[in-house]
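Numbering-wise (UniProt numbering), the sequence shown opens with residue 1 and increments by one. All C-beta atoms in this analysis are idealised placements derived from N, C-alpha and C, irrespective of residue type, glycine included. Because the structure is a prediction, the values reported are computed rather than measured.
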Amino acid sequence: MEESYKDRTSLVKGAKDIAKEVKRQAVKKVNKAVDKAQDGYTQRSYNRFQDEEDDDDDYYVQGGNYGVEANDDEGSSEATEGHDEDDEIYEGEYQGIPNMGQGKDGMVAFGHPMHDEYKDRHELETERKADEEELAQQYELIIQECGHGRFQWALFFVLGMALMADGVEVFVVGFVLPSAETDMCIPNSGSGWLGDIVYLGMMVGAFFWGGLADKVGRRQSLLICMSVNGFFAFLSSFVQGYGFFLFCRLFSGFGIGGAVPTVFSYFSEVLAREKRGEHLSWLCMFWMIGGIYASAMAWAIIPHYGWSFSMGSAYQFHSWRVFVIVCALPCVSSVVALTFMPESPRFLLEVGKHDEAWMILKQIHDTNMRARGQPEKVFTVNRIKTPKQIDELIEIESDTGTWYRRCFVRIRTELYGIWLTFMRCFNYPVKDNTIKLTAVWFTLSFGYYGLSVWFPDVIKHLQSDEYASRVKHFMNEEVSHFVFNFTLENQIHTNGEFINDRFIMMKFKSVTFEDSLFKNCLFEDITSMNTYFRNCTFLNTTFYNTDLEQYKFIDSDFINCTFFHVRTGCQISFDDDYSAYWIYFVNFLGTLAVLPGNIVSALLMDRIGRLTMLGGSMVLSGISCFFLWFGTSESMMIGMLCLYNGLTISAWNSLDVITVELYPTDRRATGFGFLNALCKAAAVLGNLIFGSLVGITKAIPILLASTVLVCGGLVGLRLPDTRTQVLM
């Protein structure tokens, strides 16, 4: 075979050798015969490509064009495993298709009327587009030959763990926020930053990691982004300051933002057309599993105040920090499992790495055949179309620049490449699809996340109103020589006088003292929550081992008072506090309610079509919003929440499937990442708008959510149907 390579190289230097020219023509005829034999095996025809000129048949193998003599064993798997004439096996390292800089010794472009360096970019892009269309048809047939089996199921669970980590990240913020606010003494003005900062990180991460997945590969991008998420998630459980905690959760969200666009792009590229819709819908179930996992872990861990330790008053490690660590486990599991999975072969073919792609496809085929009990069945594909590679000239300053200068140029170049790929999402023929998908993603995210925040806030508002209605008022009371050693809860004391009283080993829960006098009193071993002293006077009073810090005394005067062993930091306690359990239980039910919708969407995705499911689900979700008029109690609001979540999940599943099928491989993850970033932006906007309407009116949230959902569903019906299309 080496002699054959030398013969082809010599053709560049002189094409006058008539004998070699005759031999080249004979090889072409043999290759056409091989193509016809493959057509007979697959029962599918490439006739629309066979009418092209013979000059366009540039199938690539290791080191150059596939224009060599046909091997007698082409039909066998061993004939394509990388053996040369001396039976030496190469390691599968892709040597690359020689570029223009390699000169005439690199390769011979048979049949091309001119070299690529003499063509303008438009001609090269036209040729690449034709190659991509041919590759799409051939790749679909190859995936069908590989079958659906053990390999796809293994990748299904690995990518499912990554998607599960994304669902956990969304829920962990809401579960941690109340405890983190109390533990870090966060004022109400700063508490909203935690939820917004995570969504901001996820928004930037979705765009960045999605674009990077189209540059360096799905597996590589997913490994890096999940590692970033896992590292900062673990780190956030140990930091004490609120600012550093926000920083860690920001980068944790930045890492997990790349999970959704990369996971769906990755998995869709190893699925055959008839399996794609169903199995992508089953994959969506892991997001629901992540929500259930987070709810169950929060329910089991956070209320257990005993699961904590402290190192003095400066370092506190409470149970909610244990919960944060446990929630990082799906991310760590996915990173470990991903190291054993290969890159997407569709991506490798797109970037011209034929040999690696062929070996991975053979691995998929052999894995599935062994699982079926057919290890003797061979992988008959030996030639795969590779799109023409268009080189980009990049100056890195490797000789004169310093290392940080080279790093800066490399980062800038990669970011610019991501931006160019993103801008191509607005070029013909995907421009109209991008605009329509933008409208659907925004409306669905705005309505879903807006109402998802509004539901729990309304429930908490109803609980707060009920709690406030049971508050006890004490006016002008006089208490002297009394020992308080029991819990005071939900009380307001006004103009009271406490003389020679002792407050020992007790708890104050939501207690307020206003314009009161404390004379010759003792406060010892006190734990307080939401307790304040406003405009009070303390005379000859001693405080020992209490958590009554200065901020709890508002406009109060101290005369001859002493403080001993004041416990700094906010105190967390779930004793006799069922509100935390209630929040976790509500989220658990809301997440579990999407299970029927997931099952229905998976079973019907390929039967009734993506568009019917998308439009129907969004319209029905918008109509269901009007049932909120009847939500006057906690139980009714929970029922409405479950109904709403169950209807919208089908829209989410179908939208994920449509998005990966509408974009070509070279910009699939970038387009998905942009739309997912838009989703997070719409979620933040929905949280702000709907959150400000809690307790004010029901009319505006209902009309707003129903309007955007119905309009988005109607736009979704105008998208092209991708059920019968191959993955372009």
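Going by beta carbon distance, what residues of the same chain come within less than 6 Å of I504, once the five residues before and after it are set aside?
N485, E524.
Do S516 and H493 have their beta-carbon atoms positioned less than 7 Å apart in this structure?
A contact, by the Cβ cut-off of 7 Å.
Environment of V471 [buried if 16+ CB atoms lie within 10 Å]
It is exposed - the Cβ of V471 has fewer than 16 other Cβ atoms within 10 Å.
In chain order, what residues of the same chain lie with their CB nearer than 7 Å to the CB of F207, ignoring the 5 residues before and after it?
For F207, where only same-chain residues beyond five positions count, the Cβ hits under 7 Å are G673, F674, A677.
Cutting at 8 Å between CB atoms, please list the residues of its own chain near L643, excluding the five before and the five after it.
For L643, same chain residues with a beta-carbon under 8 Å away, outside a window of 5 residues either side, are A593, S624, F627 in chain order.
Three-state secondary structure assigned by DSSP to V381:
Correct three-state label for V381: coil.
Would you kindly work out how many angstroms separate the C-alpha atoms of F498 and F175, rounded to a whole number?
Their Cα atoms are separated by approximately 39 Å.
When you compare each of K507, E274, M640 to T722 by their alpha carbons, which one comes out closest?
Checking every option, the nearest Cα to that of T722 belongs to E274.
Reducing DSSP to helix, strand and coil, say where I689 ends up.
Helix, per DSSP.
Can you look up S45 in the DSSP assignment and give me helix, strand or coil?
The predicted model places S45 with a pLDDT of 38, which falls under 50 and marks its position as unreliable; any figure quoted below should be read in that light. Residue state, collapsed to three classes: coil.
Closest residue to A439 among V322, T659, G290, K698 (Cα-Cα distance)
Of the listed residues, the one whose Cα sits closest to A439 is T659.
Alpha carbon to alpha carbon, what distance is there between R534 and M203?
Roughly 43 Å separates the two Cα atoms.
With DSSP run on the structure shown, which of helix, strand or coil describes Q220?
Look at Q220 here: in three-state DSSP terms it is helix.
Just confirm the distance between the C-beta atoms of Y242 and V684, as a whole number of angstroms; I'd bet it's less than 8 Å.
Contact flag wrong, Cβ pair sits at about 20 Å.
CB of R718 within 7 Å of CB of V657, strictly
Contact flag unset, no.
Start-end ranges of the alpha helix (DSSP H) lying completely within the region 619-689, minimum 4 residues
If you keep only unbroken alpha helix (DSSP H) runs of at least 4 residues inside the region 619-689, you get 634-662.
DSSP state of R534 mapped onto helix, strand, coil
Shown here, R534 sits in a strand according to DSSP, grouped into three states.
Closer than 6 Å by C-beta to F538: which residues in its own chain qualify, once you throw out the five before and the five after it? Chain order, please.
Shown here for F538: same chain residues with a beta carbon closer than 6 Å to its own, the five before and five after excluded, namely F518, F558, C561 in chain order.
Is there contact here, the region 245-254 with the region 128-144, by at least three beta-carbon pairs under 8 Å?
The region 245-254, when compared against the region 128-144, does not touch it at the 8 Å Cβ threshold.
If you compare alpha carbons, which of G230, D555, F543 is closest to V566?
The residue with the shortest Cα to Cα distance from V566 is F543.
Of all the options L212, S227, I289, which has the alpha carbon lying nearest to the alpha carbon of Y266?
Residue L212 is the option with its Cα nearest to Y266.
Assuming L222 and L338 are in contact, meaning their beta carbons sit under 8 Å apart, how far apart are those beta carbons, in whole angstroms?
Confirmed, about 6 Å.
Three-state secondary structure (DSSP) at K472?
K472: strand per DSSP, three-state reduction.
Assumed close pair T421, R667 - CB separation to whole angstroms, cut-off 8 Å
Cβ-Cβ separation between T421 and R667: approximately 5 Å, consistent with a contact (criterion under 8 Å).
Separation of S333 from F455, as counted between CA atoms:
Answer to the nearest angstrom: the Cα atoms are 32 Å apart.
Please list, in chain order, all residues of the same chain as R370 whose beta carbon is under 8 Å from its beta carbon, the five residues on each side excluded.
Answer for R370: R150, listed in chain order.
In angstroms, rounded to a whole number, what distance separates the CA positions of P345 and A259?
The straight-line gap from Cα to Cα measures roughly 19 Å.
Just to confirm the assignment, what range does the alpha helix (DSSP H) spanning L727 have?
Judged by DSSP secondary structure, L727 falls outside any alpha helix (DSSP H); it is assigned neither H nor E.
Rounded to the nearest angstrom, what separates S281 and A669 at their Cα positions?
Answer to the nearest angstrom: the Cα atoms are 18 Å apart.
Cβ shell of G167 (< 6 Å), same chain only, five flanking positions each side left out
The residues are W287, G290, G291.
Please classify R567: does DSSP put it in a helix, a strand, or coil?
Coil at R567, not helix or strand.
Have a look at K215, V453, E145, A154 and flag the residue whose alpha-carbon is nearest the alpha-carbon of S692.
Minimum Cα distance to S692 is reached at V453.
Quick one: does T386 have its CB under 7 Å from some CB of chain D?
Judged by its chain identifiers, the structure shown contains no chain D, having just a single protein chain.
Can you tell me the Cα-Cα spacing of Q725 and T434, whole angstroms?
Distance between the alpha carbons of Q725 and T434 is about 18 Å.
Who are the near neighbours of I554 in its chain, counting only those whose CB is closer than 8 Å to its CB and skipping five residues on each side?
A distance below 8 Å between beta-carbons, with the five flanking residues on each side excluded, links I554 to the following residues of its chain, in chain order: Y532, F533, R534, N535.
Could you give the first and the last residue of the continuous alpha helix (DSSP H) run that contains Y404?
Element bounds for Y404: 403-424.
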